[in-house]
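Numbered per this note's numbering, the sequence shown finishes at 1486, counting up by one with no gaps.
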Amino acid sequence: MDVTIGDLIRFNEFLDSTIDPKNLDEEFITLRQVELEGISKNSDVKHFPLIALSYAKLMELTVLLAGKYADNCRTTDFGDLVVNPRHIDVCILNTRLITEDYGIAESIPRWFKTQVHECTGSQYSEDLGRMVVDPSLLSHFLERGLLLRIVKKERHTRLSDQFRDCIPYDAQSAFSKEIAEFIPAAHNPVKELDLDDRIGKGLDVAPWLARNTVLNIVKNTLKTDLMNVLREVMSADYLTTINQKFEKAHNSLAYVNMGRKNFANFPYDEEVPLTEWTEINRTLCHFNLDGYGMIQSELDKSLSNPCYKSPFLNRLLYSVPKAQDTNDQRHHVKFQHHLTNHRCHSELAI
């Protein structure tokens, strides 16, 4: 048996045997996502339909979880699943060096992102003004001194709150150890941080963050990551159905949240009138594993019949030539984690 086929079968059997809708959470799906990435990383193009359907099963679990969170007004958990990236880095710029050595006085964060874009080329993208770049590609900018430090954002903490204590009046104690690893000894980290007196007094740090930092999304939401994989390999009808379910989950969350202004545990409060349950049942998600089972059925058909073409997959997936150079294969089917990252070279002019 083909190694990849064997790994995929074992992956899906384990997934089927361990999912528990009552205890399903983001961590469980994320762990399975990492496992599937490992299997698909070096897979042959002929396996892409099977890999795509396996990813679709993870998407079905994500939709199920989104509906569960929405129906129970678990706002933070819902936001983590579909809105709040799992890992964001705060890139602290060396604004003093940039101003003195490059003559940039205004819009330094925008200037820095332009340099990263020129260095990384097609591997650069943005999401709502935030960079989406492999962290390894930023080491070049640390070595050049354009970055002082990269700090992981605390997922459920406002940036202004997280950095209120990280940027105290005694900047030396907060940054000197990390800066010393990247900045020559002749540099003065206190001066390079260009701190306001206001910030030292614990006041609003937002102006400093806007002037001295750039955000980089290292790991996006589970929903976004899976959608990025499925966008080019699943049919338009299937993707439309998935988007409609997420939209329903958004609407359910807003509905339940509004209802809790009158009932503490709406809609599950005993005081909620029975006459409202028709509307409640129409608005809540009540998602189940039917979609998951449907995709599993397609996977079973594909495994038992190599000539079977699932209607849930993009037809172009079946038209990819079977004998190609690996890089050419990846050009046709862009599973994001297959793409090779190229590091910036120190000799590149900035």
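Glycine residues also receive a C-beta, built at the ideal position from the N, C-alpha and C atoms.
- At the C-beta level, K1177 and L1435 stay beyond 9 angstroms of one another.
- The C-alpha of L1358 is placed about 29 angstroms away from the C-alpha of Y1444.
- Cβ-Cβ distances below 7 angstroms link V1218 to A1202, T1357, K1359, F1382 in the same chain, with the five nearest sequence neighbours on each side left out; the list follows chain order.
- For N1352, the enclosing beta strand (DSSP E) stretches over residues 1349-1355.
- Among the bridge pairs identified by DSSP, E1262 is matched with M1267.
- Per DSSP, K1288 is not a residue of any alpha helix (DSSP H); the beta strand (DSSP E) it occupies stretches across 1283-1288.
- A distance of 9 angstroms or more separates the beta carbons of L1389 and I1378.
- Take the alpha-carbon of T1198 and the one of V1181: they are about 26 angstroms apart.
- Its chain contains K1355 as the residues whose beta carbon lies nearer than 6 angstroms to that of R1222, once the 5 sequence neighbours on both sides are disregarded; these appear in chain order.
- Its chain contains I1240, I1244, W1247, F1248, L1282 as the residues whose beta carbon lies nearer than 8 angstroms to that of I1234, once the 5 sequence neighbours on both sides are disregarded; these appear in chain order.
- V1369 places its beta carbon 9 angstroms or farther from that of L1284.
- Annotation: the continuous beta strand (DSSP E) that includes I1228 extends over 1223-1229.
- Going by C-alpha positions, E1407 is about 25 angstroms away from H1386.
- Annotated three-state conformation of L1420 is coil, per DSSP.
- Out of R1266, D1263, S1272, L1160, the CA that lies nearest to the CA of C1255 is found in S1272.
- Taken through DSSP and simplified to helix, strand or coil, L1449 comes out as strand.
- Residue C1209 holds the alpha-carbon nearest to the alpha-carbon of C1421 among N1159, E1163, S1153, C1209.
- When the five nearest sequence neighbours on each side are left out, the beta carbons in the same chain lying within less than 7 angstroms of the beta carbon of L1453 are those of F1184, P1185, A1188, V1369, V1469, in order along the chain.
- For D1143, the enclosing alpha helix (DSSP H) covers residues 1139-1154.
- Residue pairing by DSSP places M1370 opposite L1449 in a beta bridge.
- Scanning E1196, P1157, V1350, Y1404 for the CA closest to the CA of I1431 turns up E1196.
- Within the same chain, Cβ atoms closer than 7 angstroms to the Cβ of L1151 are found at R1168, K1193, the five residues on either side in sequence being excluded.
- In this structure, S1296 sits near V1341, with a CB-CB distance shorter than 9 angstroms.
- Positions of the alpha helix (DSSP H) runs, each at least 4 residues long and wholly inside the segment 1176-1259, are given as 1184-1207, 1211-1218, 1231-1238, 1244-1256 in order along the chain.
- Counting along the chain, Y1428 sits inside the alpha helix (DSSP H) bounded by residues 1426-1440.
- Assigned with DSSP and collapsed to three states, A1400 falls in coil, not helix or strand.
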